[in-house]
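J.: Below is the structure I would like to discuss, written out as structure tokens.
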RNA sequence: GCGGGUGUAGUUCAAUGGUAGAACGAAAGCUUCCCAAGCUUUAGGCGAGGGUUCGAUUCCCUUCACCCGCUCCA
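Numbering (this note's numbering), first residue to last: 956 to 1490.
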């Protein structure tokens, strides 16, 4: 499927529009149209229903180590700035980048490593980029190439000092960039603010700077104690939240896949440290299955465990659920959801001050004065098990899903072109959005076969009665075949048609979107029939 | 942020230094007893700003957006 066809259908049928389009659009922001808003809401509702309100607290679910509880939360987008300092976002999101004028490459300032080296009477700082697995080797190769030397003469290179970061240099004059052939091609470090800044108060100055949240998760962590104190939940339990987040992506790309304003569906699941590994595996497998149950093709979906090098050391595991989006090259997948084992990093950071993830066991990161770099709340966020009497800081499993990415995946998955006969029996290309009935924007469309003989009246009655339970649509205009095809493009799974026989025996036909099959049911049974079909 | 490409109606496209056409789609009506192509009618557009010119949708500059590659993706 070509992506342009889907993008054009989304615009044409009102799934997705570019934000602020009449002003020329704005990069990285997208609006959901009349059909899109229903689709996305259905996805979010299905998630909330399946994970939270529909959750059975009493029994042990298949694959789960024990029964558990689920509850919800809805917190603000703007939070106390200290939240982002302790979460680590403040430091991580203020990356300095340098660009190479020669290679056009861009590098994280602090991740370029290099060594001073002298040969042929010239001293340079040879470097390797952050993606280099063998920086020492790459740096030597760079140096040899620059000096025009062969590798057998490598011992003529006079190294001065150990591998060090570019950040230790005052000037880039003598720097040989990772992919450059000449010296001094790097620009000055420039700050990239990956968090959106805003100002609190009409007169706010620098001291009143706040941030739009880059993830919903932190709101759950900072409310952990509130939820425990107010809701009688016991570990293990999860807190779910759906809401907007904001990231100043450097390059928004691929339709809505990488947007600057986006919506997340996140769970923070709190459990005992001893059982966290099992819970991690439980959530990973359960969430993977969920996408398949909602209609994503198993063959286009992978569960990718992060390699040990990708993991934060405090994490036992992180897995991505990834989908083979059509805009990606063959064999590549895009992340829909990440399931991360986060240990006690977050709760402890909000208690004690931002932890240094590179220490083991983790200790609070200190500044030059030996004080915490970012102070925590000082509040006790540990949990006491009333039955065992044990007190501990729970470990956290975080299934973090992108609502917009899920919506995009379902749109891509649904887009189908097949062949259907026209009124003369000739086969015609038919565009069908094959959404799972649960997420289809419109559940059913009701038509009078022709606009006379009492059919519209009966069809309208049916429309009104079904409207109480579902988003249904009524259409009496034009040829019925045209009306069917219009609903196919909207992804409506069922079309109900009132015909001549209906006037005699009060039955109507139901037409299935994917099979084109039709069968008759009593008009009075439509609600129960649809309930069966939609699930 | 860099390089390349593209911006004309809701969509897909055409033409032109003298203010734009088509197809499909949409709307209204007619017809129609089951899968978009029957009839009539209607609405709708040169991404934005500036310049050159008597005159710019067309040429030039800037900008914005989209696509591809690089970069980035905590």
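All C-beta atoms in this analysis are idealised placements derived from N, C-alpha and C, irrespective of residue type, glycine included.
(1) Ignore the nearest five residues each way along the sequence and tell me which others in residue 1065's own chain have a CB closer than 8 Å to its CB.
(2) Between 1137, 1292, 1278, which lies nearest to residue 1241 when the distance is taken from Cα to Cα?
(3) Assuming contact is defined by CB atoms lying nearer than 9 Å, are residue 1352 and residue 1295 in contact in what I supplied?
(4) Straight-line CA distance for residue 1389 to residue 1439?
(5) Does the stretch 1437 to 1452 come close enough to the stretch 1483 to 1490 that 3 or more CB-CB pairs lie under 8 Å?
(6) State the CB to CB distance for the pair residue 1201 and residue 1301, rounded to an integer number of angstroms; the pair is presumed to be in contact (CB under 8 Å).
(7) What's the C-alpha gap between residue 1094 and residue 1083?
(8) For the beta strand (DSSP E) containing residue 1450, list its first residue and its last residue.
(9) Can you give the Cα-Cα distance for residue 1225 and residue 1136, rounded to whole angstroms?
(10) Determine whether the beta carbon atoms of residue 1281 and residue 1227 lie at a separation below 9 Å.
(11) Roughly how many angstroms separate the alpha carbons of residue 1273 and residue 1378, rounded to a whole number?
(12) If I measure Cβ to Cβ from residue 1391 and keep anything under 6 Å in the same chain, skipping five residues before and after, which residues do I get?
(13) So is residue 1318 buried or exposed if we call it buried at 16+ other beta carbons inside 10 Å?
(14) Judging by CA-CA distance, which residue of 1386, 1174, 1462, 1469 is the nearest neighbour of residue 967?
(15) Taking all protein chains shown into account, do 16 or more other C-beta atoms lie within 10 angstroms of the C-beta of residue 1092, making it buried, or fewer, making it exposed?
(16) Going by alpha carbons, who is nearest to residue 1359 out of 1210, 1004, 1028, 1138?
(17) Can you tell me whether residue 1458 is buried or exposed, with buried defined as 16 or more other CB within 10 angstroms of its CB?
(18) What are the start and end residues of the beta strand (DSSP E) that includes residue 1225?
(19) Of all the alpha helix (DSSP H) runs that stay within the bounds of the stretch 997 to 1063, which reach a length of 4 or more residues?
(20) Within this structure, are the beta carbons of residue 1170 and residue 1044 separated by less than 9 Å?
(21) How about residue 1219 and residue 1197: do their beta carbons lie closer than 9 Å?
(22) From residue 1346 to residue 979, what distance separates their C-alpha atoms?
(23) Is residue 1070 helix, strand or coil when you go by DSSP?
(24) Starting from residue 947, follow its DSSP beta bridges and name the residues at the other end.
(25) Any idea what DSSP makes of residue 1397, helix, strand or coil?
(26) Taking 9 Å as the threshold (C-beta atoms), are residue 1299 and residue 1350 in contact?
(27) Expressed to the nearest angstrom, what Euclidean distance is found between the alpha-carbon atoms of residue 969 and residue 988?
(28) Are residue 1129 and residue 1138 close, meaning C-beta to C-beta below 9 Å?
(29) Report buried or exposed for residue 997, applying the criterion of at least 16 other Cβ atoms within 10 angstroms of its Cβ.
(30) Starting from residue 1425, trace the beta strand (DSSP E) both ways and give me its first and last residue.
(31) From the DSSP output, in three-state form, read off residue 1184 for me.
(32) Please name the residue in 1472, 1102, 1431, 1423 whose C-alpha comes closest to that of residue 1482.
(33) How would you write the range of the alpha helix (DSSP H) that residue 1159 sits in, first residue to last?
(34) Does DSSP classify residue 1115 as helix, strand or coil?
(35) Taking the continuous alpha helix (DSSP H) assigned at residue 1095, which residues delimit it?
(36) Residue 1306 lies in the alpha helix (DSSP H); which residues open and close that run?
T.: In terms of the structure at hand:
(1) 1050, 1051, 1120, 1121, 1122
(2) 1292
(3) yes
(4) 14 Å
(5) yes
(6) At roughly 19 Å, the Cβ-Cβ gap does not stay under 8 Å, so residue 1201 and residue 1301 are not in contact.
(7) 6 Å
(8) 1449 to 1453
(9) 52 Å
(10) no
(11) 54 Å
(12) 1249, 1250
(13) exposed
(14) 1386
(15) exposed
(16) 1210
(17) exposed
(18) 1216 to 1226
(19) 1036 to 1042, 1044 to 1047
(20) yes
(21) yes
(22) 57 Å
(23) strand
(24) Residue 947 lies beyond the residue range present for the chain, which begins at 956 and ends at 1490; the question has no answer from this structure.
(25) coil
(26) yes
(27) 5 Å
(28) yes
(29) buried
(30) Element bounds for residue 1425: n/a, residue is neither H nor E.
(31) helix
(32) 1423
(33) Taken as a continuous stretch (DSSP letters only), residue 1159 belongs to no alpha helix (DSSP H), as it is neither H nor E.
(34) strand
(35) 1090 to 1102
(36) 1300 to 1307
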